[in-house]
């Protein structure tokens, strides 16, 4: 009898776990990662991740946190209505010269798992960044093979 009860409890637990809502079922992000490219040391950069509610009920972003203090996410304060889009602001303060990869953790109401978003880039010294931008400005744009001739 104990084995039957134990098996029944395990079965119910399995059904409960598999029935939990996943983030992908209620929300669609415009992207899960963003590359800032080369950025200047000491100058904060910002990106807005977009989250679209694809469910038939309002969703709430309960929390947005980051893997370090140099990354500050801000969640939407209001619920995101069905079919509407909200924005999660992520600001990165570039203190150290180096490539970086940071994670932003998003907790949605009614979803047990946390959604992880990523930002990447490379922090350059002010001098190196200015030289990079000057070189970039002096580089002619690549020709587009599909470009139509001008008359």
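Numbering (the working numbering), first residue to last: 2 to 152. The beta carbon of each residue, even a glycine, is placed where N, CA and C say it ideally should be.
Three-state class that DSSP yields for residue i in the structure shown
i           : result
residue 26  : helix
residue 108 : strand
residue 128 : helix
residue 144 : coil
Inter-residue CB distance, residue i and residue j (contact presumed, cutoff 8 Å)
i           : j          : result
residue 103 : residue 68 : 5 Å
residue 94  : residue 45 : 5 Å
Proximity of residue i and residue j at Cβ, strictly below 8 Å
i           : j          : result
residue 109 : residue 28 : yes
residue 92  : residue 73 : yes
residue 57  : residue 85 : no
residue 121 : residue 34 : yes
Strand pairing of residue i, partner residues [DSSP]
i           : result
residue 36  : 121
residue 102 : 121
residue 87  : 52
residue 75  : 90
residue 137 : Answer is none; residue 137 lacks a bridge partner.
Return the chain-ordered ranges of every beta strand (DSSP E) run that is complete within the segment 40-71 and spans a minimum of 3 residues. Listed in chain order, the beta strand (DSSP E) runs fully inside the segment 40-71 are 46-54, 62-67, counting runs of at least 3 residues.
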